[in-house]
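See below for the structure under consideration.
There are 2 protein chains.
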Amino acid sequence: MRLGESMLAEIFGVSRTRVREAMMKLEARGIVHVSARRGWFVVEPSADDARAAFHARKVIETGLLMSVEAIPPAAMEALRLHVEEEATIVQSGSVHDRTCALGDFHIHLAEALSNPLLTEIIRDLTARTVLVSMLYQSVDDAASSNADHAAILDAMQSGRWAEAAALMAAHIDQVEAGLDLSARLDPLAGLKDILTPAATRPSFSRSPS
Amino acid sequence: MRLGESMLAEIFGVSRTRVREAMMKLEARGIVHVSARRGWFVVEPSADDARAAFHARKVIETGLLMSVEAIPPAAMEALRLHVEEEATIVQSGSVHDRTCALGDFHIHLAEALSNPLLTEIIRDLTARTVLVSMLYQSVDDAASSNADHAAILDAMQSGRWAEAAALMAAHIDQVEAGLDLSARLDPLAGLKDILTPAATRPSFSRSPS
DNA sequence: TCCACCAATCTTGCATACAAGCGATGGAGC
DNA sequence: GCTCCATCGCTTGTATGCAAGATTGGTGGA
């Protein structure tokens, strides 16, 4: 999926300079990459890239759960609330909403248990795996993921951190196992919906001066 | 420590555009930050930032050691060799060389045990903590760190991964404890040596057209 | 009919020019 | 002598212009 600088510049009504800056920020986060004098492309992670992203998440999130000693009751309550909302969205929401809600759990967990730096790392890794899920055929197991999240919270609440870590590892393994890393999907299919929710639509009515 | 765009552009013989791009890459990695219309500065991590970086390293590196099952003998041998070189540098090298060698151990460990993605994350975090060590008064405990590294390798070689993880956590805690996070050092002291090793010196003889 | 080659066009890469804002410095007033 | 304010200079922020390269379409030849 090619992202032309001039095209984006016109769509958003800014000059190429700002588009380039934004693209380079996204490149640093591993969302897009540039091919010299050919253009910017949304990254299409290889199977190895996908495995690497899941592995990194597993290492970091289990390491986080193993190294934590206590969690403030308020944060615990907020997480519990999120999982409940998650359950609602899983039952009634769109694929996009479900993916976001399930990913948000891990980010909120990081916010509750760690610091902004580590949270940002986990946020980027989660974005990567979401990208992977959109590229490869994934069996939609949102309900199972939601149950996993609840189980992890249960273990946390009882202070069984090692068990929570083990559940987390199993959960991430299962999400990864749900992907068919041998068959690539058409990347254009879902991406356009995700990338053009609100920001660009008004701009299309902008007069092309 | 201010890094003026025009100054850097002249030193490196390129335009401000490229300097800005490089600065924004460094900003994404948390090495520098920009103050609006005032300039770029090497980040001076607060005590909280420092603690966050050490915490993140501890979580990730212990998580890594806990989740690994086996290591190829060749990689193990390479790590052992590195620790030996480290010992030599610790005894005879400069502060700069020692800091680099000690940091490299963690990066090589990540290379041996994980994937490029996670290695890059650990590399950036290590750079951050090195930056912290240069900013805050740190008791120079290079020999102790080297011994820690050797002990970690011993545990790994025997397959005692949990013990290796515990040693790693203690090691990182000790490095952090060696810092005086209450007193800030003069940031200019060591940084200039690090940042001007080879690239800029020839450029200084460039005729200021 | 197919393949190779060439040119036109479109793309990013990079430099430069202009605009806007912050800080410092000098002067005036108290 | 001290303080406050205005103005000037230097800095980044942003846009634009030009050059180099890649792709694609067309054309000529086998």
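The listed protein sequences derive, respectively, from chains A and B.
The opening position of the first sequence corresponds to residue 1 in the numbering used here, with each subsequent residue numbered one higher.
The opening position of the second sequence corresponds to residue 210 in the numbering used here, with each subsequent residue numbered one higher.
Using N, Cα and C, we set each Cβ at its ideal position, and we do this for glycine too.
Check: Nearest to residue 369/B (by Cα), restricted to the options 238/B, 274/B, 307/B and 378/B; Outcome: 274/B
Check: contact_flag[the segment 355 to 366 of chain B, the segment 332 to 339 of chain B] where n(CB pairs < 8 Å) is 3 or more; Outcome: no
Check: Three CB pairs or more closer than 8 Å across the segment 376 to 385 of chain B and the segment 256 to 273 of chain B; Outcome: yes
Check: Residue 251/B - DSSP class collapsed to helix/strand/coil; Outcome: strand
Check: For residue 367/B, the first and last residue of its enclosing beta strand (DSSP E); Outcome: Note, residue 367/B: premise wrong, no beta strand (DSSP E); not H, not E.
Check: Neighbourhood of residue 374/B by C-beta distance below 7 Å, restricted to the same chain and skipping five residues each side; Outcome: 271, 274 and 275
Check: Contacts around residue 376/B, its chain only, beta-carbon distance under 8 Å, and the 5 residues preceding and following it disregarded; Outcome: 357, 360, 361 and 364
Check: Alpha-carbon spacing of residue 295/B relative to residue 82/A, whole angstroms; Outcome: 48 Å
Check: Proximal residues to residue 101/A (C-beta, below 6 Å), its chain only, five neighbours per side dropped; Outcome: 86 and 89
Check: Cβ-based burial, residue 49/A [other Cβ within 10 Å; buried from 16]; Outcome: buried
Check: Straight-line Cα distance separating residue 305/B from residue 46/A; Outcome: 38 Å
Check: Where the alpha helix (DSSP H) containing residue 15/A begins and where it ends; Outcome: Per DSSP, residue 15/A belongs to no alpha helix (DSSP H) and is neither H nor E.
Check: 8 Å contact criterion, which residue 262/B and residue 341/B should meet: CB distance rounded; Outcome: 6 Å
Check: Minimum length 3: unbroken beta strand (DSSP E) runs contained in the segment 107 to 150 of chain A; Outcome: 136 to 138
Check: Test: residue 312/B CB closer than 8 Å to a CB of chain A; Outcome: no
Check: Beta-carbon neighbours of residue 6/A, restricted to chain B and to distances below 8 Å; Outcome: Residues of chain B passing the Cβ test: none, with the nearest at roughly 17 Å.
Check: In DSSP terms, what residue 243/B is bridged to; Outcome: 249/B
Check: Buried or exposed by the 16-neighbour rule on C-beta atoms within 10 Å, applied to residue 224/B; Outcome: exposed
Check: Residue interval of the alpha helix (DSSP H) (run including residue 70/A); Outcome: From DSSP, residue 70/A is part of no alpha helix (DSSP H); its letter is neither H nor E.
Check: Top-ranked residue by Cα proximity to residue 112/A, from 98/A, 142/A and 69/A; Outcome: 69/A
Check: Proximity test, Cβ basis, 8 Å: residue 1/A and chain B; Outcome: no
Check: DSSP-derived helix/strand/coil call for residue 182/A; Outcome: strand
Check: Close Cβ partners of residue 56/A (< 6 Å) along its chain, the five nearest in sequence each way excluded; Outcome: 125
Check: CB of residue 242/B within 8 Å of CB of residue 252/B, strictly; Outcome: yes
Check: Cβ-based contacts, 7 Å cut-off: residues of the segment 42 to 66 of chain A near chain B; Outcome: 52, 53, 55, 56, 58, 59, 60, 62, 63, 64 and 66
Check: Within chain B, partners of residue 176/A - CB distance below 9 Å; Outcome: Those do not exist, as residue 176/A stays about 13 Å from chain B at its closest Cβ, beyond 9 Å.
Check: Whether residue 237/B touches residue 28/A by CB criterion (8 Å); Outcome: yes
Check: Residue 300/B to residue 352/B span [Cα, whole Å]; Outcome: 8 Å
Check: Chain B contacts made by the segment 115 to 128 of chain A, where a contact means CB separation under 7 Å; Outcome: 115, 116, 117, 118 and 121
Check: Exposure of residue 319/B, with buried meaning 16 or more beta-carbon neighbours within 10 Å; Outcome: buried
Check: Chain B within 8 Å of residue 24/A, Cβ atoms only; Outcome: yes
Check: Residue from 115/A, 79/A, 182/A and 180/A with nearest C-alpha to residue 103/A; Outcome: 79/A
Check: Of the residues 162/A, 73/A and 4/A, the one placed nearest residue 40/A, counting alpha carbons only; Outcome: 4/A
Check: Contacting residues, own chain, Cβ-Cβ under 8 Å from residue 118/A (five flanking each side not counted); Outcome: 60, 64 and 110
Check: Per DSSP, cross-strand counterpart(s) of residue 2/A; Outcome: 41/A
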